[in-house]
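Residues 1 to 150 in UniProt numbering are what the sequence shown spells out, letter by letter. As structure tokens, the structure follows; a few thoughts come after it.
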Amino acid sequence: MNQPRTTVTDSHPYLRAATAGIRHHARALSRSTSPNSVDRAQLDAFHAHLTELHLFIDQLAETARPPHPAAGRHLAAAHTWLWQSATEIHAAFHLLPVTSADSTECRPDQPPEGPPFLTICQRHLAASHIVRRKTTPTDLHRPHTTACVR
């Protein structure tokens with residue numbers, strides 16, 4: 001499937017590069033013949049990407065809210081969905097079996113020790129503090145519906 005090309009100059013080259021990287025990784029996964037092609041390192045990297053997108057959308061929502069309230073509401077909904085996605089990726093990370101490449105074993109009854117466990121958990125905890133300051137638990141668990149109004 002070809003992606004639409006825009007004729008305007010590329011003012012956001014890093015976002016395009018990140019999108020291209022994710023597209024490349026998705027294609028590589030779809031061609032993989034291994035049934036267990038997803039590992040903890042991939043989920044850790046994807047979680048890092050989602051949390052950075054979450055912070056970016058948060059900044060966009062703050063700047064769009066006063067002059068364009070409807071755009072702010074849509075961005076706030078995207079903000080919530082990204083957080084929900086990051087939470088699910090974090091949970092999936094801990095459910096995957098530990099491989100021999102992992103340096104320490106992740107056990108739910110004690111704090112994680114060292115990378116990659118500590119990295120993803122610290123990142124998720126830091127992002128959760130930001131989320132809790134700006135949203136309520138009800139906002140995080142209800143489905144958001146935003147109708148496009150022009």
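From the three backbone atoms N, C-alpha and C, an ideal C-beta is built for every residue, glycine too. In this text the structure is predicted, and so the values were computed from the model without any measurement.
Just checking my contact of residue i with residue j at CB under 8 Å: how many whole Å lie between their CB atoms?
i: L43; j: A92; result: 6 Å
i: A127; j: H54; result: 6 Å
Roughly how many angstroms separate the alpha carbons of residue i and residue j, rounded to a whole number?
i: A17; j: A28; result: 16 Å
i: L15; j: A48; result: 15 Å
i: G72; j: T33; result: 42 Å
i: A64; j: I57; result: 10 Å
i: H12; j: T19; result: 11 Å
i: T51; j: A45; result: 10 Å
i: G21; j: T135; result: 31 Å
i: A78; j: L95; result: 26 Å
i: A26; j: L82; result: 18 Å
i: P97; j: A70; result: 43 Å
i: T87; j: E62; result: 22 Å
With H, G and I counted as helix, E and B as strand and the rest as coil, what does DSSP make of residue i?
i: L29; result: helix
i: S85; result: helix
i: V38; result: coil
i: T135; result: coil
i: R65; result: coil
i: T51; result: helix
i: P97; result: coil
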